[in-house]
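Down below is the structure, laid out as structure tokens.
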Amino acid sequence: MSLWVKPSDLTLHTPTFFGAMDSNHWISLLPRGPEKDNTMVWSGSSLWYTGSTGLKIKTNEWTHLAFTVERGVLAVYVNGELQFIGSEFPDVFTSKSGTFSLGVNWWDPAFKGSIDDLSIFEGALPPVQVAELAKMK
Numbered sequence: 086m087s088l089w090v091k092p093s094d095l096t097l098h099t100p101t102f103f104g105a106m107d108s109n110h111w112i113s114l115l116p117r118g119p120e121k122d123n124t125m126v127w128s129g130s131s132l133w134y135t136g137s138t139g140l141k142i143k144t145n146e147w148t149h150l151a152f153t154v155e156r157g158v159l160a161v162y163v164n165g166e167l168q169f170i171g172s173e174f175p176d177v178f179t180s181k182s183g184t185f186s187l188g189v190n191w192w193d194p195a196f197k198g199s200i201d202d203l204s205i206f207e208g209a210l211p212p213v214q215v216a217e218l219a220k221m222k
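Counting from 1 along the sequence shown, just add 85 to a position and that's the residue number in our numbering.
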């Protein structure tokens, strides 16, 4: 998954991208997450998963965000640079149906800002391809 984002405000838990099977199996790409307000991929299921980038993106500035998942390994990129890699990412989508949204989830305030160039890929992109996507804006 890859997108460009330009938040005008950074609200805790508000996603740019959200996908879910149900209220216990979901994934969010958060510009401002619950771990030190960092940009992150966050997932809820039987266990919480926190893929924190260790940084917080800026408001009123375009930033490229991407993440890949392959065999339970989550990689999160900011502006084409790998910022997080972790194993045991939960298999949220166990069937071919699910709910996907941009800028909203089922619980938190809506995202304020702009989102552009959303791409969802089948299979994990290699780091060099993620870096190329980050150069396109």
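C-beta atoms are modelled at their ideal positions from N, C-alpha and C, and glycine is treated no differently.
Selection D201, P194, L132, K197 evaluated against E173 yields L132 as nearest (Cα-Cα). The alpha-carbon of M221 is positioned some 14 Å away from that of E166.
Nearest to L114 by C-alpha distance, out of E155, F196, W147, T179, is F196.
Taking a 10 Å sphere around the C-beta of P194, we find fewer than 16 other C-beta atoms and assign the residue as exposed.
Distance check between V158 and each of N164, F169, H149 places F169 closest, using alpha-carbon atoms only.
DSSP, read as helix, strand or coil, puts V161 in strand.
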